[in-house]
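Residues 58 to 154 (our numbering) are what the sequence shown spells out, left to right. For reference, the structure is listed below as structure tokens.
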Amino acid sequence: KNTALVAQTFTFAATSHGLSTCLMEGYDCRRVRDVLKIPDRYDIPLMCGVGYEYEEDEEVGKTPRLKMNEVFFSDTFGKPIDTDITVVVEDTGDSPK
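Here's what the structure looks like:
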């Protein structure tokens, strides 16, 4: 319940000190518990990566990405989605020029 509030406060504090954070879920709790030697009486509701951002002059390689049709589906799981969708934005005249 209160984990999200604590994590949010932690990420704000880290950011104010020039650090970057990344909240994570969906990891293998059993393996995390084994690697970090966390006793069974403690739960691991989320994890937070903390560190400094890459400097602009540092070269950052691209990470492998799944194809859109492997991640997004239409209506039901496994049903291919039409990836040739064109988005049309209508100018209402309200935007500043």
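Think of the CB as a built atom: it goes at the ideal place given N, C-alpha and C, for glycine as much as any other residue. Values in this document were obtained by computation on a predicted structure and should not be read as measured data.
Spatial neighbours of G108 in its chain, beta-carbon cut-off 8 Å, leaving aside the 5 residues before and after: Indexing the sequence shown from 1 puts residue 108 at position 51. Taken in chain order, the residues that qualify are L76 and S77.
Three-state secondary structure assigned by DSSP to L103: Mapped onto the sequence shown, residue 103 falls at position 46. Looking at L103 - three-state DSSP - the assignment turns out to be coil, as it is neither helix nor strand.
Cα-Cα, which of R98, T72 and C105 is closest to G83? Residue 83 sits at position 26 when you count from the first residue of the sequence shown. Nearest option by C-alpha distance: C105.
What does DSSP give as the partner residue(s) for F130 in the beta ladder? Position 73 of the sequence shown, counted from the first residue, corresponds to residue 130. Paired residue(s): P137.
I'd like the span of the alpha helix (DSSP H) that includes L62, first residue to last. Here residue 62 corresponds to residue number 5 of the sequence shown, with the count starting at 1. Segment T60 to S73, the alpha helix (DSSP H) holding L62.
Compare the C-alpha of M125 against each of E147, K136, K119 and Y99 and name the closest. Position 68 of the sequence shown, counting from 1, holds the residue named residue 125. Of E147, K136, K119 and Y99, the residue nearest in Cα terms is K136.
Tell me, to the nearest whole angstrom, how far the beta carbon of L103 is from that of T66; I am working on the premise that it is less than 8 Å. For this step, residue 103 is matched to residue 46 along the sequence shown. For this step, residue 66 is matched to residue 9 along the sequence shown. That belief does not hold up - the Cβ atoms of L103 and T66 are roughly 13 Å apart, past 8 Å.
Looking at R90: is its Cβ nearer than 8 Å to the Cβ of I101? Position 33 of the sequence shown, counted from the first residue, corresponds to residue 90. Position 44 of the sequence shown, counted from the first residue, corresponds to residue 101. Yes, the Cβ-Cβ distance between R90 and I101 is below 8 Å.
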